[in-house]
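In full-length UniProt numbering, the protein residues as written are 1 to 1012.
1) Around the Cβ of residue 618, are there at least 16 other Cβ atoms within 10 angstroms (buried) or fewer (exposed)?
2) Roughly how many angstroms lie between the CA atoms of residue 321 and residue 273, to the nearest whole one?
3) Of all the options 423, 347, 460, which has the alpha carbon lying nearest to the alpha carbon of residue 437?
4) Could you name each continuous beta strand (DSSP E) segment of 3 residues or more that falls completely within the segment 740-804, going from the start of the chain to the end?
5) Taking the alpha-carbon of residue 218 as reference, which of 249, 427, 748 has the nearest alpha-carbon?
6) Please confirm if the segment 996-1005 is in contact with the segment 710-721, defined as three or more CB-CB distances below 8 Å between the two stretches.
7) Is the distance from the Cβ of residue 395 to the Cβ of residue 270 below 7 Å?
8) Report the option in 227, 231, 686, 293 whose CA atom is closest to the CA atom of residue 146.
9) Using 7 Å as the threshold, is the C-beta distance between residue 641 and residue 954 below it?
10) With DSSP run on the structure shown, which of helix, strand or coil describes residue 715?
11) Could you check which residue in 844, 137, 559 has the C-alpha nearest to that of residue 699?
12) Just how far apart, CA to CA, sit residue 58 and residue 345?
13) Which same chain residues end up closer than 7 Å to residue 76 when comparing Cβ atoms and leaving out the 5 residues on each side of it in sequence?
14) Quick one: give me the first and last residue of the alpha helix (DSSP H) that residue 668 is part of.
15) Note down, in chain order, each residue of its chain lying with its Cβ closer than 8 Å to the Cβ of residue 1020, except the 5 sequence neighbours on either side.
16) Do you know whose CA, among 767, 818, 136, lies nearest residue 806's CA?
17) With a CB to CB cut of under 7 Å and the five nearest residues on each side skipped, what residues in its chain are close to residue 767?
18) I need the DSSP call for residue 19, collapsed to helix, strand or coil.
19) Give me the residue from 605, 263, 284 with the minimum Cα distance to residue 245.
20) Would you kindly work out how many angstroms separate the C-alpha atoms of residue 1009 and residue 965, rounded to a whole number?
21) From residue 962 to residue 682, what distance separates their C-alpha atoms?
22) Indicate whether the contact test is met: 3 or more Cβ pairs, each with one atom in the segment 635-653 and one in the segment 670-679, closer than 8 Å.
23) Helix or strand or just coil, what does DSSP make of residue 685?
24) Can you list, in chain order, the stretches of the alpha helix (DSSP H) that have 4 or more residues and sit fully within the segment 453-482?
25) Would you mind giving the Cβ-Cβ distance between residue 528 and residue 512, rounded to the nearest angstrom? I have them listed as a contact below 8 Å.
26) Report the three-state DSSP secondary structure of residue 657 (helix, strand or coil).
27) Use the C-beta contact count for residue 918: other C-beta atoms within 10 angstroms, 16 or more gives buried, fewer gives exposed.
28) In chain order, what residues of the same chain have a beta carbon less than 6 Å from the beta carbon of residue 565, not counting five sequence neighbours either side?
29) I'd like to know whether the C-beta atoms of residue 769 and residue 824 end up nearer to each other than 7 Å.
30) State yes or no: is the C-beta of residue 960 within less than 7 Å of the C-beta of residue 928?
31) Measuring alpha carbon to alpha carbon, tell me which of 774, 841, 754, 170 ends up nearest residue 428.
32) Take residue 828 as the anchor and find which of 707, 584, 948, 733 has the nearest alpha-carbon.
33) Assuming residue 1023 and residue 707 form a contact by the criterion Cβ under 8 Å, report the distance between their Cβ atoms to the nearest whole angstrom.
34) Mapping the DSSP letters down to three states, classify residue 993 as helix, strand or coil.
35) Would you report the Cα separation of residue 584 and residue 510, rounded to the nearest angstrom?
36) CA-CA distance, residue 348 and residue 331?
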């Protein structure tokens, strides 16, 4: 139920933070009007709360002895014996079968590594039993201290069903809690097998690397733990030392190596040191918290750890580190992460055999080196500095030999065990009951992806958000499956080199033949240097795309044979909903979306078959015409639909699907249509493919509804029409008219030299753009205009589209052409934004009013904040930049600390209009989701302004999303916002709300193309 914001906000308290005064968003218990239902009465209380602090006590002598014993066992090789040791270690040969071979051997789609993680105790049956096998003893162990929800147990009708359900929950808990523990055990077990039994051929090359790194990393960390216990001081050891003693050295080594690999794989230029250190510190915190949650009595557990430590000061420090795990400040996080990074850097090296295989010179061989001294090794993770925009950033870069080895590994082989922490779930997620308890069964997740805004989290904790919790829970309980047909097609294309659709090429862009240093002419040398730099940048971007693709394919492979998977959800600070698993989810690209299907199959019915045909036309980009014309498009191409589904890798009509705007989604619909039309009765065919209904430039739809803008509403389908309005084409037409006008511009002879120069430049740009202004060129700028895009942002967007068009026309990119594209994109951005102002005057007026409100709040030294119609408090986190220098074991860093800094007026103003609209589009989605899932009992998923359901229930969803949009905007949202601000800042004079237009909201109910 949508609730109104009553006139109940009061300026009750002011609290000083180091000289800065903050108005806290405090909510009284009074309530007033409620046009759509009673508001959140008694909702809000004081906002600021002190940080959680708790007590504990002090590492046990047993723990101390264990660390010392581990250190002794992990002995270093004496320098004098290094040559004998090296000669005794035969080079490990690795088998890297092709992808088809991998898929045949691993018939349930699991990567060989993770498969083995799930079968340490049943290695003989590994491939046949798959990941689903887990013994009864393991079930009891993993379910210890966990109660399966009663509603899940009540669905079981037999003892076997109860047993299967318990096994499923045990697998889920194991997947959440033991991924790193299993990694440690597997790395060590494989290391032992390779060393003692000579099983190197059974280990893939990339895993072999990690196995080789584990032992020296464990030894180094164990030595440090022993030194900390002995009271030996080193840089920052008194700060990070207590945290290291709370986890086993094996766990710390696995966590650190996995995190380093994960972060350094994302970008070929490396990972920023501060980001890497903070990420590793957070993971250590999570692991400590998980250890606490595993114990019934965490205080007793900690007492067993610290028993025997005599130094009271150190013990007290260790108590504080343990009890505040999950709430460490950035400085402690940074110090712990930096220490572990230092240990990994000093213990992980590139094996000589890899350097030799890559044609690299090995720094020292057995023959040419002094046997008393080991040869110089090349570090696996290199610390370097990267300069960008006159700023120097410390980076960690993976050695390129390792980098290439991992990237060239087939998706069925390895990456996931290093990287995936938050995966899709095997069981329905834990229901959100409060902001800190929901989502995964054991992994700690919060309902809001906050940006270090303590104030907002305090508000969220105090706000009655049961309606938001309920809807998130309903969304999370929608079951999905992996689309195996599409996955197999994608894997084959990837194996053959990629480079199609969302799949990046596995080959880098080639560099120019000549090197800059070989060129004597300074100008040519500079031009060549720029050309090389461009190629390097494009290859870096290509690399990031490859990593992202590889992660997604890994997750899809892991879950391809699961009967059902689930996605837990949380919110960003504006209230927008996101799946927590970061890699494969339905918010991703065409490839990601095509890999997911609803689990439940439902009969198409007459309406469903029609919507399936419309959906195919939509993903082909045939969505600017009527629904009947879209159906006709599909029916006229049924021969090509059948050919595409029969042999997606064929020729002729068989590759028609590749011409679609979203080719992988299109191929999925081809598969589904072929099966449906070949069935005895297509209307009874059971379909599970999601059908999408997308808003028409949804941001402008919200602005038009806010301002009752009839003219703008007509452009974005808020009023009924026989065909869908296309605001992008409308803007493109207006821009083209201006381009034609300026291309024929007559320059007055009596104009000043400056004026002549300006007009000539404008004419030249317009002439260059003749015939190039299309819907695609202006689309991104139109979409983002309602979210506050700046002139620079618009210029970059249009420049990217013009460069694509230029290259597709076969024109070579040189310095002169690049300058012309740049100049023309500046001109095009200017006239595009001018056209938008003319078309959407009301939206522009509201944006300016919202920006002015944010400016007034910023002048009071406050963060702009408001409450959504569902009662969610939103706080903009933007403050002025400030930093402090922190010394770590690796480098000095400037750490941004924003909590007590003054607000940034510019960012508060520019960000408020888009953030406010985002909070409203999220409200509309949540309202629609609740109606569909709770009242109508139909499947529902959403990608912000793209709503999904089964083909047979599109009509029901369409009705609901229109009703909820009208219900939302029938309430005076701008008046309520102004009311909130006036109650919080009674002495501030805010401008009047812009005059509303004549749009009749209820026309949306009859608008066929509102979402289409």
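Every residue, glycine too, gets a C-beta built ideally from N, C-alpha and C.
On the basis of the data shown:
1) buried
2) 23 Å
3) That would be 460, whose Cα lies nearest to the Cα of residue 437.
4) none
5) Distances from the alpha-carbon of residue 218 to those of 249, 427, 748 put 249 closest.
6) yes
7) yes
8) 293
9) no
10) Reduced to three states, the DSSP call for residue 715 is helix.
11) 844
12) Because residue 58 sits at a pLDDT of 38, beneath the cut-off of 50, its placement in the model cannot be relied upon, and the following sentence gives the value as read from the coordinates. About 31 Å.
13) Annotation note: pLDDT 37 at residue 76 (below 50); position unreliable, coordinate value reported separately. Once the five neighbours on either side are set aside, the close Cβ partners of residue 76 are 219.
14) 663-678
15) This structure gives no information on residue 1020, because the portion of the chain shown stretches from 1 to 1012.
16) 818
17) Cβ within range, chain order: 743.
18) Bear in mind that a pLDDT of 33 at residue 19, under 50, signals an unreliable position, so the model cannot answer this.
19) 284
20) 14 Å
21) Cα-Cα distance, rounded: 29 Å.
22) Taking one beta carbon from each stretch, the segment 635-653 and the segment 670-679 have 3 or more pairs nearer than 8 Å; the two touch.
23) coil
24) Counting whole runs of 4 or more residues, the segment 453-482 contains the alpha helix (DSSP H) stretches 454-462, 466-476.
25) 6 Å
26) helix
27) buried
28) Apart from sequence neighbours up to five positions away, the residues of its chain that approach residue 565 with a beta-carbon distance below 6 Å are 424, 480, 559, ordered along the chain.
29) yes
30) yes
31) 170
32) 733
33) Because residue 1023 is not part of the residues shown, which for the chain are 1 to 1012, the question remains open.
34) coil
35) 30 Å
36) 26 Å
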